[in-house]
Amino acid sequence: MINKLILTLIVLFIGLQSHAQKPNSDYNIRPIEELNSYGIGDAYPWLSNDAFRLYYCGNNNSTGLTELYLSERTSLDGKFEAPEKLNVNVDGYDNLSPFLSRDECVIAFTVRKENEKTLTEIYVATRPNRNHDFALPKPIKLTGSVKGELISPSFTQDLNELMVFHFYKGQTSIMQFERTGTMQYALRNTIILENNAKLKSGKLSSNGLEYYLSIEKPGRNPSIHIMRRPSLDKPFNRLHIFDHEVLNDNYYRNHQPYFTSDLNHIVMVRSGVNHWNRNDMYIATKSVEMDDDYVKFDRKHVKVFPNPTSDVLYIENLSQLSLDMMIFNTNGQRVRKSEAFEMHKMIDLGDLPSGFYLVHLINRETAKRLVFKVQKINN
């Protein structure tokens, strides 16, 4: 049954035209210099849906092993702070390619054990919320004809489907597994490409309907693509190159992409054509095109205070722009909304639990958005 599905997908991709996704905006991209280490492959970035937290793997200088890290930032245009090592790392081995659930309470990653031969296992750990450490990670059991290395695991949000990048004897593929029991998954499907095109490692989107990856075609550097499917119970049947010149600059090897659900932010890894170029993480943010007549919208035009606050939050609309406001908690739930205000605004947060909230201010003329991270405290 598995082999039959492989052949079906091969035929599907042969007959599939790779329609380019045309942009109506582009991206501002920068290397994450505050985290990248010279001469070391910082890799496999995963970005939280609010774009404030970055999970990735990097080298531990004292042990020489690769470990999982978390770095946070306080604004969408700010730099990431000094990273902290996650408590899930399996001691004595390389820990690679973290992937998290949307609420960041489940993490999956690869543990690579190198003795006489390389052995990779997929580990999973959980926690009740982001304020707690993860529980002890446990390996999952995979059944089916699985040989070679497995890396970059990603799950659907219900944990019923697992997708893993597979490398064996120079061949690459994406393996799809379905859950058969507690911490047990059976191989259901394998996705490969024809015409000597090589799949690179990828990740599922938070809704499970897209798979972000890079593809290396003969004579070209890897470029970012997106596979899509109409629903979780259907196969992937569309393949797009992500047609943004800023992101898919052919000078670089572009790989290991991951997008926030609105496609406004992407993290990825780039390496140069020449082997002495570094293998670095990059972050890109979608830019919105604006007419010259529009008033530019930045933090000079608004003030949000006090921060932290115990009850009331004030928004000073200094330039009297027409603004929409939405406030979300860190689980992505909207807790406040106000439309088209041009003067100052007072928002009562007194009934909200303590914690961090994201205040989104949207300029109605330009659609440009500012995001402020605000802390609610209890007296």
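Residue numbers (this note's numbering): 523 to 901.
Where a beta carbon is used, it is the ideal one built from N, C-alpha and C, also for glycine.
For L672, the uninterrupted beta strand (DSSP E) segment begins and ends at E671 to F677.
If only complete runs of 3 or more residues are kept, the segment 687–774 shows the beta strand (DSSP E) at 693–703, 706–713, 732–738, 745–750 and 760–763, in order along the chain. In the assembly as shown, R792 is a buried residue. Its beta-carbon has 16 or more other beta-carbons within 10 Å. Collapsing the DSSP output to three states places T642 in a strand. By the CB criterion at 9 Å, Y690 and F699 fall outside the cutoff. I673 places its beta carbon less than 9 Å from that of L618.
Secondary structure at R858: strand, using DSSP grouped into helix, strand and coil. The criterion of a C-beta distance shorter than 9 Å is satisfied by I696 and L721. Within the DSSP bridge table, the entry for F781 names I788 as partners.
Straight-line spacing of the CA atoms in L569 and V668 works out to 29 Å. For A565, the uninterrupted beta strand (DSSP E) segment begins and ends at A565 to L569. In this structure, T642 and E671 form a Cβ contact; the two beta carbons are roughly 5 Å apart against a cut-off of 8 Å. Under the three-state reduction of DSSP output, H882 falls in the strand class. If you ignore the 5 residues before and after N609, its C-beta comes within less than 8 Å of the C-beta of D655 and F656, all in its own chain and listed in chain order. Taking the CA atoms as reference points, G724 sits about 12 Å from L684. Residues K720 and L721 of the same chain have their beta carbon placed closer than 6 Å to that of T694, with the five preceding and five following residues left out of the count. DSSP places M865 outside both helix and strand once states are collapsed to three, so it counts as coil. In chain order, H823, V824, L845, F863, E864, M865, H866 and K867 place their CB closer than 8 Å to the CB of N839, counting only its own chain and leaving out the 5 sequence neighbours on each side. Closest option to R742, judged by alpha-carbon separation, among R775, T831 and L754: R775.
Of the candidates I714, L871 and I554, the residue whose Cα lies closest to the Cα of P830 is L871.
Q842 carries a coil assignment under DSSP once its states are collapsed to helix, strand and coil. G580 sits in a strand when the DSSP states are folded into three classes. The Cβ-Cβ distance between Y615 and K601 does not fall below 9 Å. Listed as beta-bridge partners of T665 by DSSP are A708.
The beta carbons of L874 and N851 sit closer together than 9 Å. About 5 Å separates the beta carbons of P779 and Y734, which is inside the 8 Å limit, making them a contact pair.
Residue range T588 to E594 is occupied by the beta strand (DSSP E) that includes E594. For R624, the three-state secondary structure derived from DSSP is coil. The Cβ-Cβ distance between I805 and I551 falls below 9 Å. By the neighbour-count criterion, in which 16 or more other beta carbons inside 10 Å mark a residue as buried, S593 falls on the buried side. Collapsing the DSSP output to three states places F631 in a strand. Setting aside the 5 residues that flank it on each side, K660 is surrounded in the same chain by Y645, V646, A647 and M705, each with a C-beta closer than 8 Å to its C-beta; the list follows chain order. The straight-line gap separating the alpha-carbon atoms of A604 and S832 is approximately 28 Å.
When DSSP states are grouped into helix, strand and coil, A573 belongs to the coil group. Going by DSSP, V893 is part of the beta strand (DSSP E) stretching over R891 to K898. Here D599 is near T807, since their CB atoms are less than 9 Å apart.
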